[in-house]
Every structure is written in structure tokens, then in C-alpha cells.
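Residue numbers (the working numbering), protein chains in the order written: chain D, 47 to 264; chain Z, 21 to 103.
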């Protein structure tokens, strides 16, 4: 959904005209945009998956943001605005076309997650995500997600953006954010449950049939 | 006002929205009311919640935040930033 900022900007210019902000535009940039540097850096890192590329991307993002500062609507979400610039810059420089994702039914994805939980329970992996040893696997699984799912997961689950803000940043409908998010989460869970199973993390609860097989009772 | 009664299937379909705080207050209350009494949906809720916590905790910071800040500031100053 395109985000038409013009009417809001006109209104804000009127209001600002009545009581001007005592700060210079550069001071407002310092106070409002610079504090988001750690978050923008994390987001850049998640897009590039490379520290040095992330550094270049952050630099370019802030330079563009500074040059376009008069277009920022005071009072709106500055972090989301910076994420938008960061993402657009990344996809422009990497010249990667986003793979078109077929429409997914978000609610079917939600039900798929329920089925995964049942499978994890059966393997004694109810608490798998509470274990510290899966943390590296979680990072690797996020890195391995295809871009359209990864960026939604990063924005909503790691950077705590609402569906609405993620939709604005990615310039896609809110319903698409929701379906990609749920699909991304399901892909992550599938991968992590498989990882835990392969690593023998569920071995604490050996299935009944195997215990019988190794029993010395008789 | 009576809280809407939901069945397990309806709750499962809305569980992510619920955990993300994206439901309307009425709907959120209806899901919460179901989760309190349902021993099928409640473990599912806890499982998904622990997944979201792990995901949130997996956030990765850049190893040289100070270098990035210095570089960004230098770039901005070269472009006229004066604050």
C-alpha cells in the first residue's frame, strides 16, 4: 500500500509554522535519526549477512536520510523511515529482484505451526526453543530463509515492528506481511526441529518401543 | 458484554496474531479466555511463545558499532552535517 504522506506533511507544516521547533534541522537529525544507528546496523547486517557490506549500507542509508531529511514527517516513526531507505538502497545496489512469492494462506500456515508442535512433542522437544544451545541454529536458520520471508521475520520478530509498519517499509500489503511472516516462522521451526532431532536434543525422551528394545529386564 | 466463545481451530488460526498483539481488544480477550481453559491450545501457545523469544534473542549486533558510528558521522560532516 503506497504511503501518501503529502496531506499529513501539509498539515504538519501548518502546525510547525505556528510553533517552530527551536532546533535546527541538523539537531533534529542528531536527536531523532542517529539514535537508531544500532537498529539500522542490525537490519543492514540481516540484509547483507556480511559485516563490511553492512557498514557500507549503513553509511549510505544515513547519507541518503540526511539529504532527504526535509522529507521526513516530524512525529512519524523515524526508525521505520530509516529501515525503508536501508532496504531500498540494499536492493538497488545488489540489483536483486525479489522472487515473487505465490499467495499463501496465512491461516493455513498457522495451522501448520500447530502440526509442527505436535511433532515436536512426540520427539520430546517441547522445550527446544528455550535451550541455549539452539541459539546459533536459530541465527543460521534466519540467515538461510529466502529474502521475502527473512526480511519480514527480521522486521517483526527481531526489530519489533508492527505488521503495519513492516508493510510500509516493504511496500507490500499488510496481508502479505502476515502470510510471509507465518510462512517464514513455519520454515524456521521445521528447520530447527530437524536440527534438534539430528543433534539428539530430544533423546531425553526415548520412544517407548526403543526402551523396550534395550531393556535388560528379562 | 459476553466474551465471544471460540473453538480450538479458531484459536489456532489466530494464535500468531494474538502473540503479536495484532488482534482487536475483543478478539484478544476471547482468545485469552480460551487459552486459560484449554489444555490442548495452552501448550501450543507456550511453545510458540518460546519460539518467538528465541527468535528475538537471536538478534545479532555488529562487532564494530563504534567504528560504524564514527564513519557515519564523518560522512555526514563531510556532507555539511553540523550538530
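Backbone N, C-alpha and C define an ideal beta-carbon position, used for all residues, glycine too.
- At a cut-off of 7 Å, the C-beta of residue 242(D) has no neighbouring C-beta in chain Z.
- DSSP places residue 118(D) outside any alpha helix (DSSP H), giving it a letter other than H or E.
- When Cβ-Cβ separations below 7 Å define contact, residue 52(Z) makes no contact with chain D.
- The distance from the Cβ of residue 175(D) to that of residue 71(Z) is about 4 Å, consistent with a contact at the 8 Å cut-off.
- Shown here, residue 225(D) sits in a helix according to DSSP, grouped into three states.
- Cβ-Cβ separation between residue 177(D) and residue 247(D): approximately 7 Å, consistent with a contact (criterion under 8 Å).
- Under the DSSP assignment, residue 207(D) falls outside any alpha helix (DSSP H); it carries neither an H nor an E label.
- Collapsing the DSSP output to three states places residue 69(D) in coil.
- If you compare the alpha carbons of 95(D), 84(D), 209(D), 170(D) with that of residue 242(D), the shortest gap goes to 170(D).
- For residue 105(D), the neighbours in chain Z by C-beta distance under 7 Å run, in chain order, 91, 92, 95.
- The criterion of a C-beta distance shorter than 7 Å is satisfied by residue 87(D) and residue 104(D).
- If you keep only unbroken alpha helix (DSSP H) runs of at least 4 residues inside the region 78-115 of chain D, you get 83-94, 97-113.
- With a threshold of 7 Å between beta carbons, residue 82(Z) makes contact with chain D.
- Using a Cβ distance threshold of 7 Å, residue 89(D) and residue 124(D) do not count as a contacting pair.
- With respect to residue 26(Z), residue 62(Z) sits apart: the two C-beta atoms are not nearer than 7 Å.
- Judged by DSSP secondary structure, residue 164(D) falls within the alpha helix (DSSP H) whose first and last residues are 152-168.
- Between residue 236(D) and chain Z, the shortest Cβ-Cβ separation is not below 7 Å.
- Among the residues of the region 165-182 of chain D, those with a Cβ less than 9 Å away from any Cβ of chain Z are 166, 167, 172, 173, 174, 175, 176, 177, 180, 181, 182, in the order of the chain.
- Distances from the alpha-carbon of residue 97(Z) to those of 135(D), 108(D), 126(D), 119(D) put 108(D) closest.
- For the region 36-52 of chain Z, the set of positions with a beta-carbon nearer than 9 Å to some beta-carbon of chain D reads 36, 37, 40, 41, 42 in chain order.
- In this chain, residue 101(Z) is not harboured by any alpha helix (DSSP H), its DSSP state being neither H nor E.
- Contact with chain D is found for residue 75(Z), since one of that chain's Cβ atoms lies less than 7 Å from the residue's Cβ.
- Among the residues facing chain Z, residue 89(D) is not included, as its CB has no counterpart in that chain under 7 Å away.
- Within chain D, the C-beta atoms nearer than 9 Å to that of residue 72(Z) come from 175, 203, 231, in chain order.
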